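Asker:
Residue numbers (full-length UniProt numbering): 1 to 337.
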């Protein structure tokens, strides 16, 4: 409630300030009964009739002051209550605001990470595109520089392929190992160059070219070469068979000679050879054990086994038939057969 000023209250009660409504100066009746009172900071002159009104005014003013004090207390209490409610509400709103702020902050952090990853990806792509562009520029420069040499490289490739084919074709026909060459390498090359010039001149005189006759001759030579290779294989097989037959014939001849020798000599000499008896050792006169028969007793007995032990299967039938074979070889041959 708005407080009223004392001056305003006096004006409402019909009292006016000094010198305006109360003509106190020059009125002896009024001046005798007049009294001066002080209200606030102003001085007012009233009559006795007004004094009663002034008392009522004071009472009213005091009541108003009391009313203003109670209202002020109530207002303060209400304001305190409102302030408490506002504080509680502010705390609740602050907690909600903090929760929302944390949530928004997490969302912003995730968005920031996504944007950083996207920025790194874009940066990597940019660097990769720049690197590709630089490589493309370098390749274009190299292609522009090496384009005149493309024809030369193609021709060199064809020549090298021809040379490799010729070398692969002739390397098995031109051995280069275990060859004695007189002089140094330069002399050999000079002599070879002269021979090649002579060969070229002779071929030019004979008019050797790529005619049909030369093609036919080459075909015939190729067929002749194939036939020669086949005949060579057949001859090798035949030679192997002949060697086998010769070995068998030598074996049979040796067995026959052994049988004849056994029939002629009997069983006594073989028994002295292969059975180490004390009597044979005493008869040998202190000879070694590996020599059962001395040269004085039988001069041809030692030479015959020695000759028989060195018989080769590749020897012919006539030479093997003249060799005498000991009985042990005959028995071993019979066992094997």
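Beta carbons are placed, not taken as given, at the ideal position from N, Cα and C, and that holds for glycine. Since the model is a prediction, treat every value here as computed from it, not as a measurement.
By the three-class DSSP mapping on this structure, what secondary structure does residue 232 have?
Answerer: Residue 232 falls in the helix class under three-state DSSP.
Asker: For residue 314, which residues of its own chain have a beta-carbon under 7 Å away from its beta-carbon, when the five flanking residues on both sides are left out?
Answerer: Its pLDDT being 40, under 50, residue 314 is placed unreliably by the model, and nothing is read from it.
Asker: Can you tell me whether residue 257 is buried or exposed? The criterion is at least 16 other CB atoms within 10 Å of its CB, across all chains shown.
Answerer: Label assigned to residue 257: buried.
Asker: If we ignore side chains and look at the alpha-carbon of each, how far apart do residue 128 and residue 106 end up?
Answerer: Near 33 Å, if we compare the C-alpha coordinates of residue 106 and residue 128.
Asker: Using the C-alpha atoms, what's the distance from residue 229 back to residue 222?
Answerer: Each residue's Cα considered, the two are about 11 Å apart.
Asker: Decide if residue 99 is buried, meaning its Cβ has at least 16 other Cβ atoms within 10 Å, or exposed.
Answerer: Classification for residue 99: exposed.
Asker: Using DSSP with H/G/I as helix, E/B as strand and the rest coil, what is residue 266?
Answerer: Three-state DSSP puts residue 266 in coil, outside helix and strand.
Asker: Can you say whether residue 269 is buried or exposed, counting buried as having 16 or more other CB atoms within 10 angstroms of its CB?
Answerer: Looking at its Cβ environment, which holds 16 or more other Cβ atoms inside 10 Å, residue 269 is buried.
Asker: May I ask you to report which of helix, strand or coil DSSP gives residue 134?
Answerer: Residue 134 falls in the helix class under three-state DSSP.
Asker: Mark residue 131 as exposed unless 16 or more other C-beta atoms lie within 10 angstroms of its C-beta, in which case mark it buried.
Answerer: So residue 131 counts as exposed.
Asker: Check residue 290 in the structure and name its three-state DSSP category.
Answerer: Because residue 290 carries a pLDDT of 42, less than 50, the predicted location of this residue cannot be relied on, and the following value inherits that uncertainty. Three-state result, residue 290: coil.
Asker: Using only the alpha-carbon positions, how far apart do residue 122 and residue 135 sit?
Answerer: Looking at the two C-alpha atoms, the distance is approximately 20 Å.
Asker: Secondary structure at residue 184, three-state DSSP: helix, strand or coil?
Answerer: If DSSP states are grouped into helix, strand and coil, residue 184 belongs with coil.
Asker: How big is the Cα-Cα spacing for residue 31 and residue 60?
Answerer: Per-residue confidence for residue 31 stands at a pLDDT of 42, beneath the threshold of 50, marking its modelled position as unreliable; the derived number appears in the next sentence. In a straight line, the C-alpha of residue 31 is about 28 Å away from that of residue 60.
Asker: Could you pull out every unbroken alpha helix (DSSP H) segment of at least 4 residues lying fully inside the stretch 108-171, listed in chain order?
Answerer: Correct list: 150-170.
Asker: On the CB-based measure, 16 or more other CB atoms within 10 Å of its CB, does residue 272 come out buried or exposed?
Answerer: Residue 272 should be labelled buried.
Asker: Between residue 205 and residue 185, what straight-line distance do the alpha-carbon atoms span, to the nearest angstrom?
Answerer: The alpha-carbon atoms of residue 205 and residue 185 are separated by roughly 30 Å.
Asker: Can you give me the C-alpha to C-alpha distance between residue 189 and residue 145, rounded to a whole angstrom?
Answerer: Straight-line Cα distance between these residues: approximately 39 Å.
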